[in-house]
Amino acid sequence: MRRSFTGWPQTALHLLCFAIAVGHLYVAFDPIISELQRNAYHFAGFAFLASVYHPLITGKTRSRPMLAFDLTFGTLVALSAIYLPAAETPIYNRGVNLIWLDWIAIALCIAGGIELTRRMTGLVIPVLVILSLTYVGAWGAWIGGIFSFPGLSWETIAFRSVFGDDAMFGTIARISSTYVFLFIIFGAFLLRSGAGDFVINLARAVAGRLVGGPGIVAVIASGLTGTISGSAVANTASTGVITIPLMKKAGFRSTFAGGVEAASSTGGQLMPPIMGAGAFVMSTFTQISYEKIVAVAALPALLYFLSVAFFVRIEARRLNLQPMASDGETLGSAFRKGGASFVIPIAGLITMLVMGFTPTYAAVFGILAVIASSWLTQNPMGPKAVFEALVMGTKSMMMTAVLLCTVGIVVNVISTAGVGNTFSLMIAEWAGGNLLIAILLIALASLVLGMGLPVTAAYIVLATLSAPALAGMISDRVVIDALAAGTLVEPAKAVLMLGAPEHMAALAAPMSHEQAALIIGTLPLEVAAPLRDLVVPPDAAVAAILTAHMIIFWLSQDSNVTPPVALASFTAAAIAKAPAMATGVASWKLAKGLYIVPVIMAYTPFLAGDPLVALRIFALSVFGVYALAAALQGCMERPIGWIERGIIAVAGIACLWPGDILVNLAGVAAVILFLILNLRKPLGAPVQP
-18 MRRSFTGWPQ TALHLLCFAI AVGHLYVAFD PIISELQRNA YHFAGFAFLA
32 SVYHPLITGK TRSRPMLAFD LTFGTLVALS AIYLPAAETP IYNRGVNLIW
82 LDWIAIALCI AGGIELTRRM TGLVIPVLVI LSLTYVGAWG AWIGGIFSFP
132 GLSWETIAFR SVFGDDAMFG TIARISSTYV FLFIIFGAFL LRSGAGDFVI
182 NLARAVAGRL VGGPGIVAVI ASGLTGTISG SAVANTASTG VITIPLMKKA
232 GFRSTFAGGV EAASSTGGQL MPPIMGAGAF VMSTFTQISY EKIVAVAALP
282 ALLYFLSVAF FVRIEARRLN LQPMASDGET LGSAFRKGGA SFVIPIAGLI
332 TMLVMGFTPT YAAVFGILAV IASSWLTQNP MGPKAVFEAL VMGTKSMMMT
382 AVLLCTVGIV VNVISTAGVG NTFSLMIAEW AGGNLLIAIL LIALASLVLG
432 MGLPVTAAYI VLATLSAPAL AGMISDRVVI DALAAGTLVE PAKAVLMLGA
482 PEHMAALAAP MSHEQAALII GTLPLEVAAP LRDLVVPPDA AVAAILTAHM
532 IIFWLSQDSN VTPPVALASF TAAAIAKAPA MATGVASWKL AKGLYIVPVI
582 MAYTPFLAGD PLVALRIFAL SVFGVYALAA ALQGCMERPI GWIERGIIAV
632 AGIACLWPGD ILVNLAGVAA VILFLILNLR KPLGAPVQP
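Numbered per the numbering used here, the sequence shown spans residues -18 to 670.
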């Protein structure tokens, strides 16, 4: 539970939030301090705020002794973080020998990260940090097998935990202190300018009078708002209070209404141009430009929202719900009320990214554009509104900032000890070269991690551990195609013969695609890796890396809607006054795109960068996800029986089947034929909800 303040304490904290935001904006344009200083000061400010707003003991928000302790703790952690950049050069001059003051400062920063993430996110991250540190310092040397690690001195561990490239004040902290914070401030300005109301009004104008209109309003509004807010739970809470009552009034069950809102809000983090914090983390991990990531992410995100919208329309048809009466909202009235403060900044942001400006500059420009364009609406932003938006953005960033800096400790251990490579080898071995099994293993790991980790942290940990293996297996498709077609270059044949001489005879004869896959899937890494380097073109290798990270990012979202820990679903259930677990099951069913779309990414060139190929895959996939939604719901435009459901499910799978356009077209034809025949049926009586 967060503390609330009034009077001068509230004013003082709001001024501190304002100063933190302004400081970050200034440094974004004029980097007057080093990257280490910026990252450390970033952690210092948010650690102090987190300690003050989140008490040591839940429920003790009004205890003065507890407040005094939290103020003292937050101050000590912040001062330690401020001290450490100044101590870096003296530490190097001493040959990385720490003095007592260094030990205290490092210990306070690590302890602060552990404790504050415990207060805000629960026990999983603190336990991961403690296990990681003790692994490289103690018990890693005691265990045998592939995860055995000889260990490091505690002095080395302490130093690397804060000063390492991937450590507490390293790469992930840089992402947090630049891209993530600036875009969260941008989102806060949009919301303060009334853009949230505009999104709701726009969605009502576009979809309000369609069959299942209120549900489709939720899909559109949550998708547009979610990319701004960056949090599925916050998105559910902000848009759900409007959309869920509308859906219930239209005749949808309360559990279904809550599920639609949770599934739609979860998809908000998949929708460009902001995509929560994930796109920036992905760009840093892959060294692929942010602009390219958001460009290829657009069609998969649209496919996800279409899949949720299909469920809504099919359920409305199953219940024989009629379109609601017009509320008078039109596109023109929606834009007049507040369209300028949403459309102009978003368009400007996208334009700057396309022109090659950095995301940091684009975000700052977007903030200025929100302020300027708000004067064209009914909610002009004066100094008070600007102050409130900066405070809102800083408060919203509190958990993310402390979380990302603390997760850096885990990432540092993974890279230092080589755990990522070991885990990747283990996934490849367990999967036996089967890409689908690898995706299922990662999905399972994501679900387990997601029970205690926020989405961004789950993605960071999973990407560090499993992205290399997944990218390698995706690249292997190119090698398999070349081997089956007999087009392996001579150096590649030499590598294959030297590394796996048992396959020499197979190279001399034609082989099927399945035989080639079996050979490549059983190769040891020391053979498979150089083979990929020789056969896979650079652009295909980049596409494989991007695809692997995008798959992991998508799978990391499932904890929002998958029981037993489904925070977005449970938030929606509270608004809908529906059973929490039943709403969680409904949202999990509606969010099936989180699993279907990653499989499409893995087995097709959906993210390879060719727009025409991507559009073809998208069009075929639209028919596929519609057919699968109809099979799950037992209805198209009219109810269908179990035999029809089985047939339409097969047709949907045919639409999605990779690499065979004839099978795809046959599936599309079957879906269209079934839809035509289904429309000829009498509408019949409504199904009881």
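Cβ coordinates follow ideal geometry from the N, Cα and C atoms, glycine included.
For residue i, count the other beta carbons within 10 Å of its own beta carbon; 16 or more makes it buried, fewer makes it exposed. Which is it?
i        : result
Ser673   : There is simply no residue 673 to check, as the chain begins at -18 and stops at 670 in what is shown.
Ser134   : exposed
Ser(-15) : exposed
Asp539   : buried
Lys662   : exposed
Met336   : exposed
Ile225   : buried
Phe10    : exposed
Asn182   : buried
Ser537   : buried
Tyr440   : buried
Ser15    : exposed
Ile642   : exposed
Thr397   : buried
Gln(-9)  : exposed
Arg299   : buried
Thr115   : exposed
Where do the ends of the alpha helix (DSSP H) carrying residue i lie?
i      : result
Asn395 : Checking the sequence shown, residue 395 turns out to be Ile, not Asn. Run containing Ile395: 364 to 398, per the alpha helix (DSSP H) assignment.
Tyr584 : 574 to 584
Thr267 : 259 to 267
Thr70  : 45 to 74
Ile629 : 623 to 637
Asp457 : 436 to 466
Leu658 : 642 to 660
Ser245 : 235 to 248
Phe150 : Premise fails: Phe150 is in no alpha helix (DSSP H) and is neither H nor E.
Do the CB positions of residue i and residue j come within less than 8 Å of each other?
i      : j      : result
Ala475 : Ile408 : no
Thr564 : Ala557 : yes
Gly196 : Val293 : yes
Ile127 : Thr403 : yes
Ile390 : Val110 : yes
Ser602 : Val394 : no
Pro26  : Ala59  : The amino acid at residue 26 is misidentified as Pro; the sequence shows Gly. Yes; because the gap between Cβ atoms is below 8 Å, this pair is in contact.
Ala315 : Ser354 : no
Glu242 : Gly221 : yes
Leu96  : Phe144 : Here residue 96 is Glu; the residue named in the question, Leu, does not match the sequence. No; because the gap between Cβ atoms is not below 8 Å, this pair is not in contact.
Arg155 : Ala148 : no
Ile269 : Val77  : no
Leu334 : Pro254 : yes
Can you tell me the Cα-Cα spacing of residue i and residue j, whole angstroms?
i        : j      : result
Ala213   : Ser550 : 9 Å
Val187   : Leu287 : 15 Å
Pro620   : Ala651 : 17 Å
Lys41    : Leu205 : 37 Å
Ser219   : His494 : 50 Å
Thr(-13) : Ala92  : 29 Å
Val351   : Thr159 : 19 Å
Asn659   : Glu618 : 6 Å
Ala438   : Leu656 : 43 Å
Pro560   : Ser203 : 22 Å
Pro592   : Phe266 : 24 Å
Met454   : Gly414 : 7 Å
Leu349   : Ile295 : 42 Å
Thr339   : Leu251 : 20 Å
Gly239   : Leu428 : 21 Å
Leu302   : Lys229 : 11 Å
Glu507   : Pro472 : 15 Å
Phe24    : Val383 : 6 Å
Lys673   : Phe50  : Coverage of the chain is limited to positions -18 through 670, which leaves residue 673 absent and any answer about it impossible.
Phe237   : Trp623 : 22 Å
Ile106   : Ser447 : 18 Å
Leu227   : Arg234 : 11 Å
Ser264   : Leu575 : 21 Å
Could you tell me if the beta carbon of residue i falls within a distance shorter than 7 Å of some heavy atom in the ligand NAP?
i      : result
Thr265 : Inclusion of the ligand NAP in the displayed structure is not the case, the ligand content being empty and no account of it being possible.
Sufficient close CB pairs (3 or more, under 8 Å) joining the region 32 to 41 to the region 157 to 170
no
Contact between the region 593 to 602 and the region 277 to 286 (3+ Cβ pairs under 8 Å):
yes
So, does the region 574 to 586 touch the region 408 to 426, judging by three or more C-beta pairs under 8 Å?
yes
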